[in-house]
Amino acid sequence: MGHPSSRHDRIRVFDTTLRDGEQAPGFSLGVGEKLLMARQLEALGADVIEAGFPIASDADAEAVRLVASSLRRASVAALARCADGDIDKAAWALAPAAEPRIHVFIATSDLHLTRKLHMTRAACLAAAARGVARARSYVSDVQFSAEDATRSDRDFLSEVIAAVIDAGATTINLPDTVGYSTPDEIADFFEGVIDRCGRRAAGVTFSTHCHDDLGLAAANSLSAIVAGARQIECTINGIGERAGNASLEEVIMAMSVRPDRLPYANGIDTRQLYPSSQLLTQLTGEAVQANKAIVGRNAFAHEAGIHQDGMLKDRRTYEIMRPEDVGVPGATLVLGKHSGRHAVARRCEQIGLSLGRRDLDRVYRAMITLADKVKTIDDDDLRAIAAAACGQSVVAAQTDPHASIVERGYGHGV
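Be aware that the sequence shown starts at 10, since it is given in the working numbering, and climbs by one per residue.
Below, the structure written as structure tokens:
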């Protein structure tokens with residue numbers, strides 16, 4: 010199943026953090042913030058950075074123009090409906106770009122055409138071709154997106170794709186706009202569409218843009234790649250409308266960790282994944298969930314005793330990638346109620362506590378009891394526990410040991 014591939018097949022990464030991601034509630038960015046993030050995305054290695062939707066507001070148009078004038082390696086894309094005003098505004102905003110791309114879209118599903126656009130299929134077909142042709146009069150790199158493609162009639166969608174390719178589109182994006190598809194379904198969808206295009210398909214890049222309403226955006230995007238798509242549209246931290254978009258860090262690390270199943274190259278510097286995630290969090294004020302794959306706080310943290318024991322012996326027992334490969338400073342052995350004695354002993358050694366076997370048992374039991382109350386134990390906690398349980402005066406210089414013991418419950422009743 011899927012089109013033949015090799016490690017030499019390069020996947021283009023289209024980052025839409027600044028457009029689809031930024032338009033989600035709570036994630037809006039100012040002009041200067043967009044520029045900071047765009048520069049980080051270029052350092053990350055994104056091939057295309059979608060900087061905004063210029064017709065939406067003067068501020069968005071200004072942001073796109075500023076990004077376009079500042080980046081020199083990555084292509085800069087601007088979104089436009091298949092309407093003259095949208096396309097003209099996008100072209101103006103992209104004028105300073107070294108590698109400009111106008112991204113035009115129109116919905117192709119009957120549901121969207123009848124209920125949202127009040128448009129016939131014939132009118133949609135004409136608007137799509139006309140919009141691409143107008144965009145092509147400004148730039149040589151034009152992307153066309155068929156909104157709600159995965160819920161569109163396959164025959165009509167094929168007509169639209171043929172028309173926009175003939176009009177000059179160089180990339181064809183087929184979004185799973187509402188995150189409705191499953192991985193097997195989207196693979197069949199891309200294979201079928203590409204096969205229907207015949208010789209036309211040889212001259213264009215097919216792209217996948219998946220939403221995460223069912224938690225399948227990353228899996229669906231990778232299935233589309235296996236089926237012949239050669240561009241993934243994604244966002245840092247998976248931000249975007251509703252449940253978000255495919256997470257850039259997830260699809261990239263899936264290819265990095267599993268080249269046996271996903272033998273594709275890309276231009277992403279994985280060491281910039283965590284810094285990119287952290288910058289976005291700083292700019293938006295929106296935290297990443299602790300258990301988020303790749304960049305979450307717990308992605309490389311280990312609390313369970315069995316896991317900690319394995320990590321101490323060979324990190325490969327419980328880590329399929331190294332934290333430093335994605336820019337995370339290092340793996341963390343978290344002390345909590347699930348931790349084992351080996352992890353406690355190792356952490357005590359690391360912070361300079363020399364404990365005999367009986368003292369270690371006392372510290373371990375006290376740590377487990379306290380962890381039921383405070384969830385995780387930090388180094389100051391561990392020093393105070395040792396002081397209370399073993400009579401050792403080992404506490405951080407900046408910490409009042411009596412306050413620490415009383416406030417955190419290390420003393421009587423532990």
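Note that CB positions come from ideal geometry on N, CA and C, so glycine has one too.
Please go through the segment 129 to 204 and give each complete beta strand (DSSP E) segment of 3 or more residues, from N-terminal end onward.
-> 151 to 156 and 180 to 185
Grab me the residues of Q401's own chain with a C-beta within less than 6 Å of its C-beta, minus the 5 sequence neighbours each way, in chain order.
-> As a working note, residue 401 is residue 392 in the sequence shown. With a pLDDT of 41 at Q401, under the threshold of 50, the predicted position of this residue should be treated as unreliable, though the coordinate-derived value follows. Cβ neighbours of Q401 beyond the five flanking positions: A395.
By DSSP, does L289 sit in helix, in strand, or in coil?
-> Position 280 of the sequence shown, counting from 1, holds the residue named residue 289. Here L289 sits in helix by DSSP.
May I have the straight-line CA-CA distance separating E312 from E333, to the nearest angstrom?
-> Here residue 312 refers to the residue found at position 303 when the sequence shown is read from its first residue. Here residue 333 refers to the residue found at position 324 when the sequence shown is read from its first residue. For E312, the predicted structure reports a pLDDT of 49, less than 50, and the residue's modelled location is therefore unreliable. The matter cannot be settled from this model.
Can you tell me whether DSSP reads H351 as helix, strand or coil?
-> Residue numbering aside, residue 351 sits at position 342 when the sequence shown is read from its first letter. H351: helix per DSSP, three-state reduction.
Specify the secondary structure class of G418 as computed by DSSP and reduced to three states.
-> Along the sequence shown, read from residue 1 onward, the residue named residue 418 stands at position 409. With a pLDDT of 42 at G418, under the threshold of 50, the modelled position of that residue is not reliable, and the figure given next carries that caveat. Here G418 sits in coil by DSSP.
Test item: CB-CB of A100 and I115 under 9 Å | In the sequence shown, residue 100 corresponds to position 91, counting from 1. In the sequence shown, residue 115 corresponds to position 106, counting from 1. Not in contact: A100 and I115 (Cβ atoms no closer than 9 Å).
Once you ignore the five residues that flank L27 on each side, which residues in its own chain have a CB closer than 8 Å to its CB?
-> Counting from 1 along the sequence shown, the entry for residue 27 is found at position 18. Contacts found: L38, K43, M46, A47, L50, I58, E59, A60, G61, A72 and V76.
Going by the CB atoms, is the gap between H127 and D157 shorter than 9 Å?
-> Position 148 of the sequence shown, counted from the start, is the residue given in the question as residue 157. Position 118 of the sequence shown, counted from the start, is the residue given in the question as residue 127. Result no, Cβ atoms of D157 and H127 do not sit closer than 9 Å.
Give me the Cβ distance between F165 and T117, rounded to the nearest whole Å; I'm assuming they're in contact under 8 Å.
-> For the purposes of this step, residue 165 is taken as the residue at position 156 of the sequence shown. For the purposes of this step, residue 117 is taken as the residue at position 108 of the sequence shown. Indeed, because the Cβ distance is near 7 Å, the residues count as touching under 8 Å.
Spatial distance of V148 from R110 (CA atoms) = Locating residue 148 in the sequence shown gives position 139, counting from the first residue. Locating residue 110 in the sequence shown gives position 101, counting from the first residue. Spanning the two alpha carbons is a distance of roughly 7 Å.
Residues that I486 bridges to, as DSSP identifies them | Because the chain is modelled from 10 through 423, residue 486 falls outside the range shown and cannot be assessed.
T214 beta carbon less than 9 Å from that of L183 = For the purposes of this step, residue 183 is identified with residue 174 of the sequence shown, where counting begins at 1. For the purposes of this step, residue 214 is identified with residue 205 of the sequence shown, where counting begins at 1. Contact: no.
Run through DSSP, which three-state label would G61 get?
-> For the purposes of this step, residue 61 is taken as the residue at position 52 of the sequence shown. The answer is strand: DSSP assigns G61 an E or B state.
With a Cβ-Cβ cutoff of 9 Å, do E258 and A299 count as a contact?
-> Numbered from its first residue, the sequence shown carries residue 258 at position 249. Numbered from its first residue, the sequence shown carries residue 299 at position 290. No, Cβ-Cβ distance for E258 and A299 is not below 9 Å.
Contacting residues, own chain, Cβ-Cβ under 8 Å from I195 (five flanking each side not counted) = Residue numbering aside, residue 195 sits at position 186 when the sequence shown is read from its first letter. So the qualifying residues of the chain are T159, D185, T217, C219, N229, S232, A233 and A236.
Would you mind listing the beta strand (DSSP E) stretches within the segment 196 to 263 that are 3+ residues and don't spill past its ends, in chain order?
-> 214 to 219 and 240 to 243
Taking the CB atoms as reference points, tell me whether A138 and A176 lie closer together than 9 Å.
-> The count along the sequence shown starts at 1 and reaches residue 138 at position 129. The count along the sequence shown starts at 1 and reaches residue 176 at position 167. Against a cut-off of 9 Å, the Cβ pair of A176 and A138 comes out as a contact.
Just confirm the distance between the C-beta atoms of V113 and S167, as a whole number of angstroms; I'd bet it's less than 8 Å.
-> Translated into positions along the sequence shown, residue 113 becomes position 104. Translated into positions along the sequence shown, residue 167 becomes position 158. Not quite, the Cβ-Cβ distance comes to about 18 Å (not below 8 Å), so this is no contact.
Which of the three DSSP states, helix, strand or coil, is assigned to D18?
-> Within the sequence shown, residue 18 is the residue found at index 9, counting from 1. It is coil, neither helix nor strand.
Would you mind working out which of I20, V22 and F36 sits nearest R251, comparing C-alpha positions?
-> Position 242 of the sequence shown, counting from 1, holds the residue named residue 251. That would be F36, whose Cα lies nearest to the Cα of R251.
Option nearest R331 by Cα separation, candidates K384, A352, A308 and T25 = Here residue 331 refers to the residue found at position 322 when the sequence shown is read from its first residue. The candidate whose alpha carbon is nearest that of R331 is A308.
Kindly indicate which three-state DSSP category L379 falls into: helix, strand or coil?
-> Position 370 of the sequence shown holds residue 379. Reduced to three states, the DSSP call for L379 is helix.
With a Cβ-Cβ cutoff of 9 Å, do T191 and L225 count as a contact?
-> In the sequence shown, counting from the first residue as 1, residue 191 sits at position 182. In the sequence shown, counting from the first residue as 1, residue 225 sits at position 216. Their beta carbons are under 9 Å apart, which means T191 touches L225 by this criterion.
Name the DSSP bridge partner or partners of D29?
-> By one-based count along the sequence shown, residue 29 stands at place 20. Partner(s): none; D29 has no beta bridge.
Would you mind stating whether A102 and A70 have Cβ atoms separated by less than 9 Å?
-> As a first step, residue 102 is located in the sequence shown; it is residue number 93 there, counting from the start. As a first step, residue 70 is located in the sequence shown; it is residue number 61 there, counting from the start. Result yes, Cβ atoms of A102 and A70 sit closer than 9 Å.
Going straight from the alpha carbon of V187 to that of R81, what length do you get?
-> In the sequence shown, residue 187 corresponds to position 178, counting from 1. In the sequence shown, residue 81 corresponds to position 72, counting from 1. When rounded, the separation of the alpha-carbon atoms in V187 and R81 is 33 Å.
Beta-bridge partners of F309, as assigned by DSSP = Working through the sequence shown from its first residue, we reach residue 309 at position 300. Answer by DSSP bridge pairing: none, since F309 is not bridged.
How should K98 be labelled, buried or exposed, when 16 other C-beta atoms within 10 angstroms of its C-beta is the threshold for buried?
-> Position 89 of the sequence shown, counted from the first residue, corresponds to residue 98. So K98 ends up on the buried side.
When you compare each of D95, S161 and G365 to G140 by their alpha carbons, which one comes out closest?
-> In the sequence shown, residue 140 corresponds to position 131, counting from 1. Each of D95, S161 and G365 was checked against the Cα of G140, and the nearest Cα belongs to D95.
For D390, does the three-state DSSP call read helix, strand or coil?
-> The residue you call residue 390 lines up with position 381 of the sequence shown. Three-state DSSP puts D390 in a helix.
According to DSSP, is Q401 helix, strand or coil?
-> Against the sequence shown, residue 401 aligns to sequence position 392. Note on Q401: pLDDT 41, under 50, position unreliable in the model; no value is reported.
Separation of A211 from I329, as counted between CA atoms | Looking up residue 329 in the sequence shown gives position 320. Looking up residue 211 in the sequence shown gives position 202. Each residue's alpha carbon lies about 36 Å from the other.
Helix, strand or coil at G41 according to DSSP, with G and I counted as helix | Residue 41 sits at position 32 when you count from the first residue of the sequence shown. The answer is helix: DSSP assigns G41 an H, G or I state.
What first and last residue would you give for the alpha helix (DSSP H) that runs through I96?
-> Along the sequence shown, read from residue 1 onward, the residue named residue 96 stands at position 87. That run of the alpha helix (DSSP H) goes D93 to L103.
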